[in-house]
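In my numbering, the protein residues as written are 5 to 225. Beta carbons: idealized from backbone N, C-alpha and C, even for Gly. None of these values were measured; they are calculated from a predicted model. Take a look at the structure set out below.
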């Protein structure tokens, strides 16, 4: 595939854009996925474009293989790799980074929202909850200050979001949107505990969690 990507003169040998998704799925180790990522500049140099779903597919595979920092490297160097960060790609990366990596990686990813002209993290419920959880988890004086500053925004987002529409449904299990709801259910639980530890009001959060059914969620993440 590498030679096909690099060759601009043989249109008959052009690779389908969907081939990237296949290559991502074939990678079973971070090292293999990194080798695939190093082919991305060849695609850009050949003046080919990626499918809208490709950034999300790449980000999710990085998360699955426990190498979200590879995705952070790729999205952090658009001039080299040419892959645009999307909101759909950012959510699984934030989830993976907040679980296993330094807070600075989460902050670096949130900074890319402005670079790619995405809506602010504070305007997206899933992203906001993930960042808040990361800040509370690391529990430094600075991160706790950031977390407390983000709480009013989370409260406002929940007030604007129909709790019943966010309920988990068995028929959606395994779909990306279902995974994001489960991340939200688990992070909101952790945020409520953290707020209680900070002796802050949690009635608004508890009420929303009960209304959405998240208060009964027992998943691990």
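Taking a 10 Å sphere around the C-beta of residue 98, we find 16 or more other C-beta atoms and assign the residue as buried. Residue 165 holds the alpha-carbon nearest to the alpha-carbon of residue 215 among 100, 176, 165 and 29. The beta carbon of residue 34 sits closer than 6 Å to those of 69 and 71, all from its chain and outside the five residues before and after it, given in chain order. Looking from the CA of residue 108, the closest CA among 118, 127 and 142 belongs to 142. Going by beta carbons, residue 159 and residue 208 fall inside the 7 Å limit.
Secondary structure of residue 131 (DSSP, three-state): helix. Secondary structure within the region 99-126: the alpha helix (DSSP H) runs of 4 or more consecutive residues, fully enclosed, are 107-119 (chain order). Under the criterion of beta carbons closer than 8 Å, residue 116 and residue 79 qualify as touching, at roughly 6 Å. The C-beta distance from residue 74 to residue 101 rounds to 12 Å, too long to meet the 8 Å contact threshold.
Distance from the CA of residue 146 to the CA of residue 52, rounded to the nearest whole angstrom, comes to 43 Å. Under the three-state reduction of DSSP, residue 145 is assigned to helix. In summary, residue 60 is buried, with 16 or more beta-carbon neighbours lying within 10 Å of its beta-carbon over all protein chains present.
By the Cβ rule, the region 151-158 does not count as touching the region 167-186, because fewer than three pairs are nearer than 8 Å. Between residue 135 and the set 211, 205, 47 and 187, the nearest pair of CA atoms involves 187. In the three-state reduction of the DSSP assignment, residue 56 falls in the coil class, being assigned neither a helical nor a strand state.
Excluding sequence positions up to five before and after residue 205, its CB lies within less than 8 Å of the CB of 199, all in the same chain and listed in chain order. Shown here for residue 42: not one same chain residue has a beta carbon closer than 6 Å to its own, the five before and five after excluded. In the DSSP assignment, residue 210 falls within the unbroken alpha helix (DSSP H) covering 207-216.
Annotation for residue 179: no alpha helix (DSSP H) segment contains it, and DSSP assigns it neither H nor E.
With contacts defined by Cβ atoms closer than 7 Å, residue 57 and residue 96 do not form a contacting pair. Spatial neighbours of residue 48 in its own chain (CB-CB distance under 6 Å, excluding positions within 5 residues in sequence) are listed in chain order as 86.
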